[in-house]
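*Asks:* One structure coming up, written as C-alpha cells, with questions to follow.
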Amino acid sequence: MLLVPCPNCGPMNAADLSYNGESHRRPDPKTCTPEEWRTYLYLRENPSGWLLENWYCSSGCRRHFKIERHTLTGELRAPVLPGRKPGATQGDMK
Ligand SMILES: [Zn+2]
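4 is the number of the first residue of the sequence shown in this note's numbering; add one for each residue after it.
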C-alpha cells in the first residue's frame, strides 16, 4: 500500500486517490506552435529522480494537489494545493 499525503487530509491510501500524471505547464494554445502543443500533449520527462505529479483526493477533500515523488525510491515530499507554497495547510486559506 502506498500512502500519499494529501495537504488537507493527511496520509491517504493511493487507491483512494486519482493519479493525474506528471505536472507540467500548459502552453497558451493561441500563441504556441504545433510542435509545442504536441510536446505538451504527448511527451513526458520521465526522470530518474524527483518528479512533480498531479493527484486528486477523490475519497477525501476532493481537491487536486501536487506532490514530488522520487521515481527510484518512491519517496514523497512537499504536497501542495494549487496556488500554495509547500507546507501550507487548510488554515492558511484565510
Ligand atoms: Zn484530501
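For each residue, glycine too, the CB sits at the ideal point set by N, CA and C. This one's a predicted model, so the numbers in the text were calculated from it and none came from an experiment.
Can you tell me whether N49 sits near ligand 1, meaning its C-beta is under 7 Å from at least one heavy atom of the ligand?
*Replies:* No, the beta carbon of N49 sits no closer than 7 Å to any heavy atom of ligand 1.
*Asks:* Residues in the same chain with beta-carbon distance under 8 Å from E167, minus the five sequence neighbours each way, listed in chain order, please.
*Replies:* Given a span of 4 to 97 for the chain in the structure shown, any question on residue 167 remains unanswerable.
*Asks:* Would DSSP call L55 helix, strand or coil?
*Replies:* In this structure, L55 counts as strand in the three-state DSSP scheme.
*Asks:* For C35, is the beta carbon positioned less than 7 Å from some heavy atom of ligand 1?
*Replies:* The answer is no for C35.
*Asks:* Shortest alpha-carbon distance to L44 belongs to which of T74, K33 and R28?
*Replies:* Looking at the Cα atoms, R28 is the closest of the given residues.
*Asks:* Rounded to whole angstroms, what's the CA-CA distance from R47 to R65? Just pull it up for me.
*Replies:* Approximately 26 Å between the Cα atoms of the pair.
*Asks:* Could you pull the start and end residues of the alpha helix (DSSP H) that R41 belongs to?
*Replies:* Counting along the chain, the alpha helix (DSSP H) containing R41 begins and ends at P37 to Y45.
*Asks:* Say the cut is 7 Å; is the CB of G52 nearer than that to a heavy atom of ligand 1?
*Replies:* For ligand 1, not one heavy atom lies less than 7 Å from the Cβ of G52.
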